Every structure is written in C-alpha cells, then in structure tokens.
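Student:
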Amino acid sequence: MSLLRGEQFDPCLLSSIQEDLLIMKILRIHDPNHRYKIDARQLLHVVENTMHFISPKFSDPQSNYMNSWNVEVFGLEEKLGYTIKKISHEILCKCHKNGDLHEETMMLFETLGPFRWDAKVVLTLAAVVSIYGEFWLITQLVHRNSLAALTAELKQMPKELNMLTIQLKALNLLIDTMIEAANLVLDFEGLPLQQQLLDDDAIVVTKSRMYITVYWILRSSISCASQIADFRTMKDNQVHSNSTSIAAWTLFSLVYKLSGLCNDLREKLRTCQMQIGRRFPEKIRDLFKVSHFDNQEVLRVLFSLKNDLPLKDSLLEKYCGIQELENKVVILLISKPELFTSEKIFYLVQRMHDHPLHKKIGGSYAIIWVPIPYSQTWSLTDEMNFQFLSNSLPWLSIRHPWSLHSSVVNFIRQEWSYKDEPVMVVLSTDGVVTNLNAIDMVWLWGANAFPFSTSREKELWEQENRILELLIDGIDPLLTNMVEEGKHFCIYGSDNISWIKELNDTLKKIKSAGIQLEAIYVGYRNPSKVAENILDISIEENLSISLSTTKMKLFWLRLESIKNSVARVEQAAHYSSSLQKVLRLLEYACETSNDWVIIGKGLSTDVMILKGREVQECLNLVPELAENVAMLGLFSAIRCSMGFPLPVKPCYHNEILPAEEGLLTEETVVCSRCKRPVEKFVVYQCNVTETAEAEQEGKID
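Here my numbering is used: the first residue of the sequence shown is -2, the next is one more, and so on.
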C-alpha cells in the first residue's frame, strides 16, 4: 500500500535544531506573490460545507453565511477551480510514485510557494476534499444511478463502503483535524498589527508552531489522497488485509500528531490574542489623538487589517480598497444590519445620492455602511439583511462586517457612543473626526451639508431663515411647488377628527371669502391606525390635502432632526425668531393630543404658529377681514384680528405709485413687500417739452 512507503525521514523524531532547519527550508521556498489574494476563510467554509455531506460531525452548511459558495479571488492568472484541480492532480501523482513522503511534502510547498500561509493550507484542503467528494458522490449514487455505476466501474471503485468503516472513520477524523488546524492558521494570520502589538518572543514562537502545523497539514493531505486512491484500486480480498489496517492506523497516528500541534498552536495563539486584546484598544484611541497626512492609516486600522479589499461598491459591482478614499471626506454610517425602515432608506438615498449637488461634490465624500448587530454574534437574519441591503444601496459597505475586530467594535460603541441607533461619524481628509453624528444634518440639508462637520452645522443654522422650506424639503413635490410659487398655505397636525373637520370648515369659509390659503394635514408624531382612518375620512369627505403615512413619518423625522441639531448647536436658537417659534412648536406638538397650525408663505422668513384654542379663535375672524388681507397681507390681518398692533417702525423699501384719487388723504399705506406702514412723500413730474416752451415764452424764470 502507498501509505507504507518512504518513511526514512520522520519529523516526529526531530530535535529542536532539526526542526529549525526544517523551518528554514520551508521559509526559503515560501515566496508569496502579494497580487494573489484568496479569501481563505470563505474557501474553508466551502470545504467544511462539503464535508458536512460526507461526515455528520461537521456543522450544517446553512449555519454559514449565504454566499459562501462564491469564493473571492484576485490577482490569479487562472481560475480558482483550475488551481485547485492542478494541486489535486499533483497530490494524486505523488500517491503513485512510492517516493519519500517528506520530499513530496516539500515539493508541494514549492507548488504553493506564491501563496500566503492561510491560502496554502486551504487550497490543499480544497484539493483533497474535492478528490474525496468526487469519490463519495459516485459511491453514494452507484446503486440508483446508471451513470454513477458505469463511472464506478471505469474507475474500479468499490461498490460497498460498509466494509471500509475503519478506514473511512480514520480518513474523516484526519480531515476534520486538518480543518481544525487550518482554522488556527487562519486565526493567527488574521491577527491585526502583529509586528506593532505583539512581543517579539510571542511572534517568533507562534510562527514557528504555525510553520510546523502547515507542514503537517500538507503532509497529511498526501496521506489522505493516497488512502482515497487506494480505495479506487482495492480488491475485495484486500478489504480486510493487514495492509488496510496498517494504513488506517497510519492515518490515526497523523490525527494524533496534528491534534498535539493544534493544542500547542492554540495555546500560543491565545497568548497572542490576549496581548493584542490589551494593546489594540489603546492603539486605536492613540490613532485619533494625533494628526495624519491623510486618512489611510486610520481607515486601515479600522477596516483593512485582514483584507486588502475590505469594501464593496454595489453601484459599480466591485470590491475596492481604502486607497480609493484618499483625499475624501468619509462618512461612517453605523447601524444595525437592518439599517432603517424602508421610507428612511429611500429618503436617505434622495438626500445624498439623488441630491442636485451630488454630481458636483459627490467625488469629494464617500459613505461607508458599517453594520454592527445588537449582540456580539451575527444571526442568519442579520446576515440576510446585510446581504440584501449592501447589494442595493448606492454607497460603499464593509464586505465582511462579521470579521471586524472586537476592539474596533468596542471603540465604536464606547468612544463614539454608538447605542444601536444609526449614527454618521465624519472623518476629514486627514482622518480626524469632525462630527460624531451628522445624521440630522443629512436629513435636513442633504449633500448641501458637505463637509458635514460640526462647524458646518453651525454655519448652516446661521444662514437658515426659510422655515417652511426647512420643514418640508424633499418630502413631497406638491409642498415644494407651493413654497417655490410663493403661495399662502398652512400645515396642521392633530389626532382629533372632530377638530380636523371643524378646521376644514373654517378653511372653506376663508377660501369662499376670496382668500387663497391651501392646507396640508401632516398627522402627528408616530402615526398609527388612527392616522389611516383620518386619511380615509379626508378622502371621503373631501377635506384638505393630506400626506401619506409614509410622508408623515418623514415630516416628523425632520422636526425631530431640527430639535436634535439645535440641541447640539445651542446658539442656533438665537439666530432666528422664526426658528425659536418652531422649537416651541416641537415641544407642544410632541404631545399627540395637541392641535396646531403653521401658516406661511413661500420662501418668506416669517411664519405664524397657532396652537390649541387660538387656532379657531383666530381663523374664524379671517373671512371678515378680507379687505385687510388684501391691503395688509394675511399675517398682518391675522395679527390685527388677534388684537396685536401693526409694527410702527417704517420700512425702507422705495416704491413710486401713480397718483390716485383719495390716496393722499389715506391715513396708512402699507408696503407691498413687508406689509409695514410706509412714510409718504409727494413727487411731482413735469413734461420736459412743455417746460422748455414755457421758458421761451418767459413764463418761467
């Protein structure tokens, strides 16, 4: 049997000096091509899923993330399947040469020389399991599928496996141990900032154990392939022979050897993880205390320690690295895997990606979605939500958020105060945090809030004076048109259908008096089934225009964002008296039992807010003041009806009006623009021709 060949060199009996010499030989062969990038963890999942159908010891493949079948490969000059097939062929060829097992293992190292350590072991495992899987599939179908039966006959494969129980048990156990060892190699290779955070002794000792473990994984793979090859050529009289028993015990001895190496490497790995666990959080905190030339070091430590292409761009359907974010403002959208409700997701896309300014400044900033689940582990639902949304959203997302280091997740939760509610942390082009939560800025101003810093938020509040536009921007095209056309309209909210009907009766009287005043119902905070009933009644009884429940939620989202943003920028409340009114309204309107109205005109900076009883008391008088509305304007007429005197300070607008009978004797004239009383002057205009003729006749000196 092939398993009994070539045992002149026995690494089990190596001294420490000989072991060091073996490591030196392995390192001389190791020549990684950094362009070759294989997602070793993902490929190992495929190997484990394949073994699940062969050995019940392996976990259900459904527990692994959904797209584990699509292994990501970059830089290879050939397809991954061809690479695995080539390795499988080389291993099988070695099985039939009856050569020295150690020398063949070293030759396999040479074949795998261009690959990293994690890729070496996983590619080798994939090659062995593909051989084993083909053998197992044919033998399972041989009694019920003619093609399988004929193929088994051509390959001279055994038709009954129940006589090979001990050999199959040894083979399954060895592959299981190889996979366990491979996971440890991947865990060590994935440790962040090894050179910066680990003691020199810890690195040297752990790497030495890893090199030896990799050697035994490759050596064991040749032994596994030899056993599978023997299955194909085994005669019935050989099934119970001494050679098959010796072959099985040879596999068991490899299991014992690898198990010991796993225990040793696991202990060394735990020491490294403890050192990194203590030092990595401090490393992250220190990273944000110093200035940088660009944002690359910050982004690398956060997201790119385990993967050179950590980001996914669903729009361009590609993976990308952090170097594509250089010289850009980076917005980290941190949330649970389900992100927002659907209406908020669409609204966020509208505010940022579909915003008119996006084409102009879209290349200056980038959004990265960083999903973090409520618990420390990812559930299948979390993974499904992430996969669906990350393939749909028009911005970048972390490709493997479940692989984020626990220190990074803890830093986000503790230092950036992430409490499972979505936040937008803004990093400047040099990696400095300029805003710990810009999400309210984005809801209110969209891309116009660039560069999304706290100083920009203060600047926007200093400039803000169009209150109606601030309240309804981007919610509904009808409302936007009313603002742009300069119409008078009122926005009202309530959960009381009787009050709503009474208000609409009053509004109809106002319209019948010739006063143009459109009304829009915006519901109340957290609209429920009651709001839907009110909408049905509004349609049935032809009441005022109403927002849908989805748009109601967006309106109240903007109100909440105003409240939150102003709370962060305290002095903003002093910049606009109209804004102060809105803030007072917010406090009042948050009570679902309260009724309120906001009256405004287009892009005007002036708004009027009426609450509770004063709504009806005031609006009931408006139809009687139609003449005053025509002369003073709606706001001034309402103020008169409420007993407030008109402003006495004259305005400074200049207007020249043609002389009309009675104009000079009228006591008060109001400005057509600001509705304040104006000071009157009389200007006489004479005809130039008539004046010249009068001078010639001597009538004028």
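Glycine residues also receive a C-beta, built at the ideal position from the N, C-alpha and C atoms.
Quick caveat: nothing in here was measured; it's all calculated off a predicted structure.
1) What is the DSSP secondary structure of I14, reduced to helix, strand or coil?
2) Below 8 Å on the Cβ atoms is my contact criterion, and I expect K333 with D417 to pass it. Report the Cβ-Cβ distance as a whole number of Å.
3) Along the alpha helix (DSSP H) that carries V439, what are the first and last residues, could you check?
4) Give the list of continuous alpha helix (DSSP H) stretches no shorter than 4 residues that lie fully inside the stretch 425 to 482.
5) Return helix, strand or coil for M207, following the three-state DSSP convention.
6) Could you have a look at F112 and say whether DSSP puts it in helix, strand or coil?
7) Which of the three DSSP states is assigned to W392 in this structure?
8) Are the Cβ atoms of L188 and C269 separated by less than 7 Å?
9) Could you tell me whether the stretch 524 to 538 touches the stretch 396 to 410, using the rule of 3 or more Cβ pairs below 8 Å?
10) Since K356 is in the beta strand (DSSP E), which residue starts that stretch and which ends it?
11) Alpha carbon to alpha carbon, how far is L151 from E321?
12) Looking at the structure shown, is S332 part of a helix, part of a strand, or coil, going by DSSP?
13) Assuming D310 and T426 make a contact with CB atoms under 8 Å, what is their CB distance in whole Å?
14) Could you tell me the boundaries of the beta strand (DSSP E) in which I364 lies?
15) Output needed for Q191: all residues of its chain with C-beta closer than 7 Å, excluding positions within five of it in sequence on either side, in chain order.
16) How many Å lie between L144 and Q164 at the Cα?
17) My assumption, with CB atoms under 8 Å, is that S217 sits in contact with L251. Please give the rounded CB distance.
18) Assign H86 to one of three DSSP states: helix, strand, or coil.
19) Specify the secondary structure class of N530 as computed by DSSP and reduced to three states.
20) CB-CB under 6 Å to L138, same chain, minus the five flanking residues each way: which ones, in chain order?
21) Under the three-state reduction of DSSP, which class applies to H397: helix, strand or coil?
22) Restricting to Cα atoms, I'd like to know which of V298, I534 and L284 is closest to W496.
23) On the premise that L171 lies in contact with L248, defined as a C-beta separation below 8 Å, what is that separation, rounded to the nearest angstrom?
24) How is the alpha helix (DSSP H) around M605 delimited, first residue to last?
25) Please classify D502: is it buried, with 16 or more other beta-carbons within 10 angstroms of its beta-carbon, or exposed?
26) Which residues in the same chain have their Cβ closer than 7 Å to the Cβ of C317, if we skip the five residues on either side of it in sequence?
27) Just tell me which of T431, K166 and N180 has its CA closest to the CA of D36.
28) For V406 and T374, I'd like the C-alpha separation in whole angstroms.
29) May I ask you to report which of helix, strand or coil DSSP gives H485?
30) Where do the N-terminal and C-terminal ends of the alpha helix (DSSP H) with K166 fall, by residue?
31) Since I51 is in the beta strand (DSSP E), which residue starts that stretch and which ends it?
32) Which first and last residues belong to the beta strand (DSSP E) in which V406 is found?
33) How far does the beta strand (DSSP E) with W593 in it reach, from first residue to last?
34) Would you identify the three-state DSSP class for K76, choosing helix, strand or coil?
Tutor: With the given structure in hand:
1) Taking the first residue of the sequence shown as 1, we reach residue 14 at position 17. In the structure shown, the three-state DSSP call for I14 is helix.
2) Taking the first residue of the sequence shown as 1, we reach residue 333 at position 336. Taking the first residue of the sequence shown as 1, we reach residue 417 at position 420. Confirmed, about 6 Å.
3) Indexing the sequence shown from 1 puts residue 439 at position 442. Per DSSP, V439 belongs to the alpha helix (DSSP H) from I436 to W442.
4) Counting only runs of 4 or more, we get 436 to 442, 451 to 460, 464 to 469 and 474 to 481.
5) As a working note, residue 207 is residue 210 in the sequence shown. If DSSP states are grouped into helix, strand and coil, M207 belongs with the helices.
6) Reading the sequence shown from its first residue, position 115 is the one you call residue 112. For F112, the secondary structure class from DSSP, reduced to helix, strand or coil, is coil.
7) Numbered from its first residue, the sequence shown carries residue 392 at position 395. Here W392 sits in coil by DSSP.
8) Along the sequence shown, read from residue 1 onward, the residue named residue 188 stands at position 191. Along the sequence shown, read from residue 1 onward, the residue named residue 269 stands at position 272. Yes, these two residues count as a Cβ contact at 7 Å.
9) For the pair of segments examined, the stretch 524 to 538 was found not to touch the stretch 396 to 410: the number of CB pairs separated by less than 8 Å stays below three.
10) On the sequence shown, position 359 is the one that residue 356 refers to. Per DSSP, K356 lies in no beta strand (DSSP E); the unbroken alpha helix (DSSP H) holding it starts and ends at H355 to I358.
11) Here residue 151 refers to the residue found at position 154 of the sequence shown. Here residue 321 refers to the residue found at position 324 of the sequence shown. Taking the straight line from one Cα to the other gives about 54 Å.
12) Taking the sequence shown and counting its residues from 1, one reaches residue 332 at position 335. The answer is strand: DSSP assigns S332 an E or B state.
13) On the sequence shown, residue 310 is found 313 positions in, with the first residue counted as 1. On the sequence shown, residue 426 is found 429 positions in, with the first residue counted as 1. Your pair D310 and T426 does not check out as a contact, with CB atoms roughly 20 Å apart and the cut at 8 Å.
14) In the sequence shown, the residue the question calls residue 364 occupies position 367. It spans Y362 to P368 - the beta strand (DSSP E) in which I364 sits, taken as one unbroken run.
15) If you number the sequence shown from 1, residue 191 lands on position 194. Closer than 7 Å at the Cβ level, and outside the excluded window around Q191, lie I200.
16) The sequence position of residue 144 within the sequence shown is 147, counting from 1. The sequence position of residue 164 within the sequence shown is 167, counting from 1. About 26 Å.
17) Locating residue 217 in the sequence shown gives position 220, counting from the first residue. Locating residue 251 in the sequence shown gives position 254, counting from the first residue. So it is a contact: roughly 5 Å between Cβ atoms.
18) On the sequence shown, residue 86 is found 89 positions in, with the first residue counted as 1. H86: helix per DSSP, three-state reduction.
19) As a working mapping, residue 530 is identified with position 533 in the sequence shown. N530 falls in the helix class under three-state DSSP.
20) Position 141 of the sequence shown, counting from 1, holds the residue named residue 138. Same-chain partners within the cutoff: A145.
21) Numbered from its first residue, the sequence shown carries residue 397 at position 400. H397 falls in the coil class under three-state DSSP.
22) For this step, residue 496 is matched to residue 499 along the sequence shown. The shortest C-alpha separation from W496 is found at I534.
23) In the sequence shown, the residue the question calls residue 248 occupies position 251. In the sequence shown, the residue the question calls residue 171 occupies position 174. At roughly 5 Å, the Cβ-Cβ gap stays under 8 Å, so L248 and L171 are in contact.
24) Residue numbering aside, residue 605 sits at position 608 when the sequence shown is read from its first letter. No alpha helix (DSSP H) contains M605, which is instead part of the beta strand (DSSP E) from V604 to K608.
25) Numbered from 1 along the sequence shown, position 505 holds the residue referred to as residue 502. The residue in question, D502, is exposed, as its Cβ has fewer than 16 Cβ neighbours within 10 Å.
26) In the sequence shown, the residue the question calls residue 317 occupies position 320. Cβ neighbours of C317 within its own chain (closer than 7 Å, five residues either side excluded): L306, L308 and D310.
27) Here residue 36 refers to the residue found at position 39 when the sequence shown is read from its first residue. The shortest CA-to-CA distance from D36 to any of T431, K166 and N180 is the one to N180.
28) Translated into the one-based positions of the sequence shown, residue 406 becomes position 409. Translated into the one-based positions of the sequence shown, residue 374 becomes position 377. Straight-line spacing of the CA atoms in V406 and T374 works out to 12 Å.
29) Taking the first residue of the sequence shown as position 1, residue 485 is located at position 488. DSSP, read as helix, strand or coil, puts H485 in strand.
30) Here the question's residue 166 lines up with position 169 in the sequence shown. Element bounds for K166: T162 to E186.
31) On the sequence shown, residue 51 is found 54 positions in, with the first residue counted as 1. Run containing I51: none; DSSP gives neither H nor E here.
32) The residue you call residue 406 lines up with position 409 of the sequence shown. Careful: V406 lies outside any beta strand (DSSP E), inside the alpha helix (DSSP H) at S403 to E412.
33) Counting from one through the sequence shown, the residue named residue 593 turns up at place 596. If you look at W593, you'll find it in the beta strand (DSSP E) that goes W593 to K598.
34) As a first step, residue 76 is located in the sequence shown; it is residue number 79 there, counting from the start. In the three-state DSSP reduction, K76 falls in the coil class, being neither helix nor strand.
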